[in-house]
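According to the working numbering, the sequence shown is numbered sequentially starting from 23.
Beta carbons are placed, not taken as given, at the ideal position from N, Cα and C, and that holds for glycine.
First comes the structure, then the notes that go with it.
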Amino acid sequence: MVPVALLAALTAVGAHLRIPLPYVPITLQATFVCLAGLLLGPWRGGASQIVYVTAGLVGFPVFARGGGLHYVLEPSFGYLLGFIAGACICGLVAGPAPGFWRALLAAWAGMLAIYTAGVVVLYLNLRFV
């Protein structure tokens with residue numbers, strides 16, 4: 023339970039270490055998402071990101087631009103959904119005791135999941151909303 027909360031908190035800290043850009047700021051969140059998958063495995067890593075996203079939607083200012091339920095309408099909300107999938111995929115690809123190359127491949131797969139979800143929702147939001 024404590025490692026899950028710790029990685030959720032690190033993801034929140036990573037949200038505030040950012041390079042501000044229009045629509046989608048660059049943050050260190052994805053780094054901590056992959057770290058959660060690598061260190062905690064797919065299920066607890068994914069759980070840490072569910073805790074993070076839930077805390078932000080409830081209203082805690084853990085996202086890059088604050089928090090609250092209105093965040094589901096933000097163009098960058100897909101990246102938050104991708105965090106959950108990214109941590110799970112990263113943990114699944116890494117396996118129980120990954121070496122360097124396996125961990126690198128797992129992190130790449132996790133990033134691919136994050137950015138795929140983010141770009142799809144960003145496109146839909148900017149195109150239809």
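Just curious, the alpha helix (DSSP H) that residue i is in, first and last residue?
i: M23; result: No alpha helix (DSSP H) contains M23, which DSSP labels as neither H nor E.
i: F54; result: Q51 to V80
i: G121; result: Per DSSP, G121 belongs to no alpha helix (DSSP H) and is neither H nor E.
Hey, would you say residue i sits closer than 8 Å to residue j, going by beta carbons?
i: V84; j: Y74; result: yes
i: A131; j: L60; result: no
Which term fits residue i, buried or exposed, when burial requires 16 or more other beta carbons within 10 angstroms of its beta carbon?
i: T33; result: buried
i: V26; result: buried
i: G121; result: exposed
i: F150; result: exposed
i: L29; result: buried
i: T14; result: For the chain, the structure presents residues 23 to 151; residue 14 sits outside this window and is missing.
i: I180; result: The displayed coordinates of the chain run from 23 to 151. Any statement about residue 180 would go beyond what the structure contains.
i: I111; result: buried
i: L62; result: buried
By how many angstroms is the C-alpha of residue j removed from the C-alpha of residue i?
i: V24; j: A31; result: 10 Å
i: G140; j: W123; result: 26 Å
i: L57; j: A116; result: 11 Å
i: V142; j: F105; result: 14 Å
i: I15; j: L79; result: Since the first residue shown for the chain is 23 and the last is 151, residue 15 is missing from the structure and cannot be characterised.
i: S98; j: Y45; result: 7 Å
i: A86; j: T138; result: 19 Å
i: Y145; j: P118; result: 35 Å
For my contact list, residue i and residue j are in at a C-beta cut-off of 8 Å; report their separation, rounded to the angstrom.
i: G113; j: P64; result: 3 Å
i: Q51; j: A37; result: 5 Å
i: G81; j: G89; result: 5 Å
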